[in-house]
């Protein structure tokens with residue numbers, strides 16, 4: 033049974049703990065961690081995308097953040113981020129290697145698995161800039177089908193055009209741009225002007 037801390041919309045734990053399905057049924061605010069692996073190649077910013085397993089209940093086979101997941105009850109945002117990196121990609125990172133971008137609250141009302149859900153999440157977004165080679169990753173098969181590096185501008189264009197192969201929302205693109213600004217990252221030969 034997966035237990036989540038119920039949180040305020042600002043991310044603070046309320047002291048209440050509930051089971052995952054009840055949280056989604058009741059529309060309670062809960063925490064997630066979204067980690068974006070980023071690098072610069074030939075002067076261009078790239079992000080590592082994961083292709084979600086086709087057995088996933090939500091967005092099967094779609095390209096998503098490098099790794100992301102719910103916080104278990106008692107987890108801090110950083111603890112959740114480090115666990116997701118380890119479980120989904122086999123990366124044993126340290127907290128000081130995570131660049132904290134910020135907390136983002138969002139809400140999705142959908143029908144998944146035959147049930148209506150209200151998914152209210154407070155997502156801690158992190159950048160991870162340590163060197164990563166795809167061949168050295170250990171993908172969690174039930175979660176991740178594959179990974180690939182993509183130029184950020186290409187991702188932004190495809191996601192913004194509503195490409196159904198992507199389940200990356202506008203707020204995530206905005207968070208990445210904010211993270212690039214905060215981290216002092218930009219494409220070579222361009223001004224760092226983010227929409």
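Numbering (the working numbering), first residue to last: 33 to 227.
Glycine included, C-beta positions come from ideal geometry on N, C-alpha and C.
The structure displayed is predicted, hence computed values, not measured ones.
Query: With distances taken between CB atoms, is the gap from residue 207 to residue 140 smaller than 8 Å?; Result: no
Query: Taking contact to mean 3 or more Cβ pairs, one atom from each stretch, closer than 8 Å, check whether the stretch 144 to 156 and the stretch 179 to 191 are in contact.; Result: no
Query: With three or more C-beta pairs closer than 8 Å as the rule, is the stretch 82 to 89 touching the stretch 162 to 180?; Result: yes
Query: Buried or exposed: which applies to residue 109, given that a residue is buried once 16 or more other Cβ atoms fall within 10 Å of its Cβ?; Result: buried
Query: On the three-state DSSP scale, how would you describe residue 107?; Result: coil
Query: Rounded to a whole number of angstroms, what is the C-alpha to C-alpha distance between residue 131 and residue 159?; Result: 5 Å
Query: Beta carbon of residue 67, beta carbon of residue 100: below 8 Å?; Result: yes
Query: Please state whether DSSP places residue 50 in a helix, a strand or coil.; Result: strand
Query: Restricting to runs no shorter than 4 residues, where is the alpha helix (DSSP H) found entirely within the stretch 44 to 103?; Result: 52 to 58
Query: For a quick check, are the C-beta atoms of residue 116 and residue 65 less than 8 Å apart?; Result: yes
Query: Specify, as a first and last residue, the run of the alpha helix (DSSP H) that residue 204 falls within.; Result: 202 to 215
Query: Determine the direct distance from the alpha carbon of residue 63 to that of residue 135, and round the result to whole angstroms.; Result: 10 Å
Query: Just to confirm before moving on: does the CB-CB distance between residue 36 and residue 57 stay below 8 Å?; Result: no
Query: Apply the 10 Å Cβ neighbour rule to residue 112 and answer buried if 16 or more other Cβ atoms are within range, or exposed otherwise.; Result: buried
Query: For residue 198, count the other beta carbons within 10 Å of its own beta carbon; 16 or more makes it buried, fewer makes it exposed. Which is it?; Result: buried
Query: Can you give the Cα-Cα distance for residue 40 and residue 33, rounded to whole angstroms?; Result: 22 Å
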